[in-house]
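Numbering-wise (the numbering used here), the sequence shown opens with residue 47 and increments by one. Quick reminder that beta carbons are idealized off the backbone N, C-alpha and C, glycines included. Beneath this line is the structure, given in structure tokens, with notes to follow.
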Amino acid sequence: MGMATSTHTAPRHPVSRAAVRLNAVIDEVTQTPMWSMDPDEAAATLIAYTELEARVTELKLRVASHADDAAVGEASGATSTAVWWAHATNQTRREAIRQMGLATALSAGHEPVRVALAAGDLVLEQAQVIVHAVEQLPADLDTALVEQAERHLVAEARHHDAKTLRILGRRLFEVIAPEEADEREAKLLEREERQAQESLRFTMAEDGHGRVHGRFTLDALTGAMLRKALLAFAAPKHQAVQGPLGERRPGPERMGRAFAELIQRYPVDQLPNTGGLNATVVVTMTLETLEGRLQAAHLDTGEHLSPGLARRLACEAGIIPAVLGGPSEVLDVGRKTRFHTTPMRIAMAIRDQGCTTTGCDWPPGLCHAHHDLPWAKGGGTSAKAGRLLCPKHHTRAHDPAYTTTQQPGGKISFTRRI
47 MGMATSTHTA PRHPVSRAAV RLNAVIDEVT QTPMWSMDPD EAAATLIAYT ELEARVTELK
107 LRVASHADDA AVGEASGATS TAVWWAHATN QTRREAIRQM GLATALSAGH EPVRVALAAG
167 DLVLEQAQVI VHAVEQLPAD LDTALVEQAE RHLVAEARHH DAKTLRILGR RLFEVIAPEE
227 ADEREAKLLE REERQAQESL RFTMAEDGHG RVHGRFTLDA LTGAMLRKAL LAFAAPKHQA
287 VQGPLGERRP GPERMGRAFA ELIQRYPVDQ LPNTGGLNAT VVVTMTLETL EGRLQAAHLD
347 TGEHLSPGLA RRLACEAGII PAVLGGPSEV LDVGRKTRFH TTPMRIAMAI RDQGCTTTGC
407 DWPPGLCHAH HDLPWAKGGG TSAKAGRLLC PKHHTRAHDP AYTTTQQPGG KISFTRRI
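Here is the structure:
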């Protein structure tokens, strides 16, 4: 089975012997072909195996709870029975811990859920949702009301899947205490929304092969807004898709293309400024590339682009083509005008590639434009007489406690005065 097997060769407990018999019965049909099973029998058999899986799951969880009580795995040095279980069966720790949590909950109570799972009337996901919903009820709630809520959800599980049960679980007070339902639900939603805001996450990383991979966590409202925006781009009418399936549901690839189009079409003048510029992409290329030569271009963030893509971007809104000639001096930083320092900041970003302090790696978009000779002392405002500094080093440049020293390659360093 691809997992560790027990060295216990003579099972004595009835549940242990049942596992041996079940495996023996399954061994008899492992290689049996399915071609002779008619559709009606296939439907009935699929349901039967789903119910059997639920019943075996209940037994497995009961054994898991007992194993946890018996500190199984302690002799091998495992930090918990769940960790030992994960290692012994090649599960992920997350999955083993999740199932052990349900096993513990069922052994401590939730008898209606356990009985229904043992009878094959629930699937594992439904059981998890019901237990979670019941355990979210207030700790001071009368025991009879808690049991009523659990029995209600178990009954509803005969007609609804786990997703719908999760929604019904939020409205349990409509069943057990209707007069408090709206107030209780409002408090629950407020707590969930607060927790969702605290758990917002976004990460992305390049793979070095022209792609960026990412993960994110959003609150439900923002997630719904994102989904609707993507569906607007991914809809067949927008994509001009022709095919026998008609209005088919967009798949992962089309949703990915929609996400890319959403980003590319988003009006950059609606975004906050960073480093004195909005979130405009600057594509740096030679004059030869713009005229059709086969020479790569690059973005102000360091990524390289094919010549064809660079020329296409040079024609689109929200993209500034910075054309270089000769020894890469800036010839033209585009015609985009927001205020008079915008072309200067772009030129400095292309030239400096980030904070010009030795050892600092802050990117251009997060840096400030700094006058080498302070304005108050007669310094002029130009790209040539300025440089990029991150907020920390920009503050240090104006701090009389530090001296600024010019370094080779256009870099500077700071030394604290004694």
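> Would you say the region 164-171 touches the region 81-101, given that touching needs at least three Cβ pairs under 8 angstroms?
Replying inline: yes
> Out of 162, 118, 123 and 161, which has the shortest C-alpha to C-alpha gap to residue 146?
Replying inline: 118
> Who are the Cβ neighbours of residue 176 in its own chain at under 6 angstroms, not counting the five residues just before and after it?
Replying inline: 159 and 199
> Where does residue 452 sit, in a helix, a strand or coil, going by DSSP?
Replying inline: strand
>> Less than 8 angstroms between the C-beta atoms of residue 264 and residue 276, yes or no?
In response: no
>> Relative to the C-alpha of residue 390, which candidate in 408, 414 and 404 has its C-alpha closest?
In response: 414
>> With a threshold of 6 angstroms on Cβ separation, who are the neighbours of residue 181 within its own chain once the five nearest residues in sequence on each side are excluded?
In response: none
> Using a Cβ-Cβ cut-off of 8 angstroms (strictly less than) and excluding sequence neighbours within five positions of residue 155, which residues of its own chain qualify?
Replying inline: none
> Which residues bound the beta strand (DSSP E) around residue 252?
Replying inline: 247-252
>> To the nearest angstrom, how far is the alpha carbon of residue 142 from that of residue 128?
In response: 5 angstroms
>> Can you look up residue 461 in the DSSP assignment and give me helix, strand or coil?
In response: strand
> Between which two residues does the alpha helix (DSSP H) carrying residue 255 extend?
Replying inline: From DSSP, residue 255 is part of no alpha helix (DSSP H); its letter is neither H nor E.
>> Just to confirm the assignment: which complete beta strand (DSSP E) runs, minimum length 3, are found wholly within the region 386-452?
In response: 414-417, 432-435 and 448-452
> Taking all protein chains shown into account, do 16 or more other C-beta atoms lie within 10 angstroms of the C-beta of residue 66, making it buried, or fewer, making it exposed?
Replying inline: exposed
> What number of angstroms, rounded off, separates the C-alpha of residue 58 from the C-alpha of residue 108?
Replying inline: 17 angstroms
> In the structure shown, what three-state DSSP assignment does residue 273 receive?
Replying inline: helix
>> Measuring only the C-alpha atoms, how far is residue 454 from residue 416?
In response: 18 angstroms
>> Do residue 431 and residue 418 have their beta-carbon atoms positioned less than 8 angstroms apart in this structure?
In response: yes
> DSSP three-state call for residue 217: helix, strand or coil?
Replying inline: coil
>> Quick check on residue 130: buried or exposed, where buried means 16 or more other Cβ atoms within 10 Å of its Cβ?
In response: buried
>> Going by DSSP in three states, residue 78 sits in which element: helix, strand or coil?
In response: coil
> Exposed or buried, what is residue 439 when buried is set at 16 or more other beta-carbons lying within 10 Å of its beta-carbon?
Replying inline: buried
> Taking buried to mean at least 16 other C-beta atoms within 10 Å of its own C-beta, is residue 452 buried or exposed?
Replying inline: exposed
>> Taking 8 angstroms as the limit between beta carbons, can you name the residues of its chain near residue 194, skipping five residues before and five after?
In response: 221 and 222
> So what does DSSP say about residue 57, is it helix, strand or coil?
Replying inline: coil
> Apart from the five residues just before and just after residue 404, which ones in its own chain have a Cβ nearer than 8 angstroms to its Cβ?
Replying inline: 453, 457, 458 and 459
>> Using a Cβ-Cβ cutoff of less than 7 angstroms, which residues in the same chain neighbour residue 435 once the five nearest sequence positions on both sides are dropped?
In response: 401, 402, 403, 413, 414, 416 and 443
> Under the DSSP definition of a beta bridge, which residues are partnered with residue 262?
Replying inline: 248
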